[in-house]
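Participant:
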Amino acid sequence: MAADESDPRHDCASWLLEQIANGRFECIVSTVTVSELLTGAVARGASKAIATQTLLRQYPHVEIAPVTMDVAADAADLRVATRIGLPDALILATALVSGAEVVLHGDAEWTTRVSPLLTRPRLVDLNAVCGA
Amino acid sequence: MALRKPALAVEEPTREVTFSSNRQVGLPSEFARAMKLSPQTKLLEVLVRLPGVGYGVVLMPKPKSYSAALREALSGIAPAGKADQFIKTLRDEWE
């Protein structure tokens, strides 16, 4: 959304990226999300794929978090408890295991199905806070 | 009007270099000129995974703005206004 100027969340997401780069927030990104971004980048050609991978690997204050056994276990628990999709569960479980305070997302289903069950991390729907 | 890609600043963007016994490789002068490097310029070396090859190293100037560089890299990976649909399609493949 930060890369698409037609996206109503563009300004908000761009601001967040800037704040992360400046060290105001520490950010954790699941390898599931990384593989989604790289899928789009690879489909657009080698130079975009390398540029995306290069920047994700060195982006300041961003940790790329792998799917570990702990993440898998928490994801299974979330999947059964909330009926959200498995990739969504893996991403949320990554936040749980990493001790994240806030999860930024753009999926209304997470708000309705997951928020009532979690006290931490707090789920923040960018569609709601960014005026989309 | 059709847009043309800007020509590369070097004629041969791929060169074979030799890794020395003290772990050094030479940067061709044309590459250094294309990258506008001067002595003492700080560069970032980033190890990246190149499927089918193994690992490679990207040598690049430190971006002035990481957020602008990442936004540029990610631009166009999903059709305009369809970022959510792009992600949903990928995630639905798991079901």
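Respectively, the protein sequence lines represent chains A and B.
Counting from -14, one number per residue, gives the positions in the first sequence under the working numbering.
Counting from 1329, one number per residue, gives the positions in the second sequence under the working numbering.
Beta carbons: idealized from backbone N, C-alpha and C, even for Gly.
I believe residue 76 of chain A touches residue 15 of chain A by the beta-carbon criterion, under 8 Å. Please report the beta-carbon distance rounded to the nearest angstrom.
Facilitator: That pair is a contact at about 5 Å.
Participant: Quick one: does residue 1397 of chain B have its CB under 7 Å from some CB of chain A?
Facilitator: Judged by the 7 Å Cβ criterion, residue 1397 of chain B is in contact with chain A.
Participant: When you compare the CB positions of residue 106 of chain A and residue 74 of chain A, do they come within less than 7 Å of one another, or not?
Facilitator: Against a cut-off of 7 Å, the Cβ pair of residue 74 of chain A and residue 106 of chain A comes out as no contact.
Participant: Counting only Cβ-Cβ distances shorter than 8 Å, please list the residues of the segment 24 to 50 of chain A near chain B, keeping chain order.
Facilitator: Listed by position, the residues of the segment 24 to 50 of chain A near chain B (Cβ gap below 8 Å) are 24, 25, 26, 28, 29, 33, 35, 36, 37, 38, 39, 40, 41, 42, 43, 44 and 45.
Participant: Can you confirm whether residue 1361 of chain B, when its beta carbon is compared against all beta carbons of chain A, has any partner nearer than 7 Å?
Facilitator: No, residue 1361 of chain B does not count as interfacial toward chain A.
Participant: Whole angstroms are fine: how far does the CA of residue 29 of chain A sit from the CA of residue 1342 of chain B?
Facilitator: Roughly 21 Å separates the two Cα atoms.
Participant: Tell me the rounded alpha-carbon separation between residue 96 of chain A and residue -5 of chain A.
Facilitator: Going by the C-alpha atoms only, they are around 21 Å apart.
Participant: Enumerate in chain order the residues of its own chain whose CB-to-CB distance from residue 53 of chain A is below 6 Å, with the five nearest sequence positions on each side excluded.
Facilitator: Here the set comprises nothing.
Participant: Is the beta carbon of residue 1387 of chain B sitting closer than 7 Å to the one on residue 1373 of chain B?
Facilitator: Yes.
Participant: Rounded to whole angstroms, how far is the Cβ of residue 1376 of chain B from the Cβ of residue 42 of chain A, which I believe are closer than 8 Å?
Facilitator: Right, the Cβ-Cβ distance comes to about 7 Å (below 8 Å), so this counts as a contact.
Participant: Would residue 48 of chain A and residue 1395 of chain B qualify as a contact pair, given that the criterion is a beta-carbon distance under 7 Å?
Facilitator: No, the Cβ-Cβ distance between residue 48 of chain A and residue 1395 of chain B is not below 7 Å.
Participant: Could you tell me whether the Cβ atoms of residue 83 of chain A and residue 50 of chain A are closer together than 7 Å?
Facilitator: Yes, the pair counts as a contact, with Cβ atoms nearer than the cut-off.
Participant: When we look at the beta-carbon of residue 92 of chain A and count the other beta-carbons within 10 Å, is it buried (16 or more) or exposed?
Facilitator: Residue 92 of chain A should be labelled buried.
Participant: Given that residue 1374 of chain B touches chain A, what residues does it touch there, using C-beta distances under 7 Å?
Facilitator: Result: 39, 42 and 43.
Participant: If you follow the alpha helix (DSSP H) that residue 72 of chain A is in, where does it begin and where does it stop?
Facilitator: Residue 72 of chain A -> alpha helix (DSSP H) spans 71 to 83.
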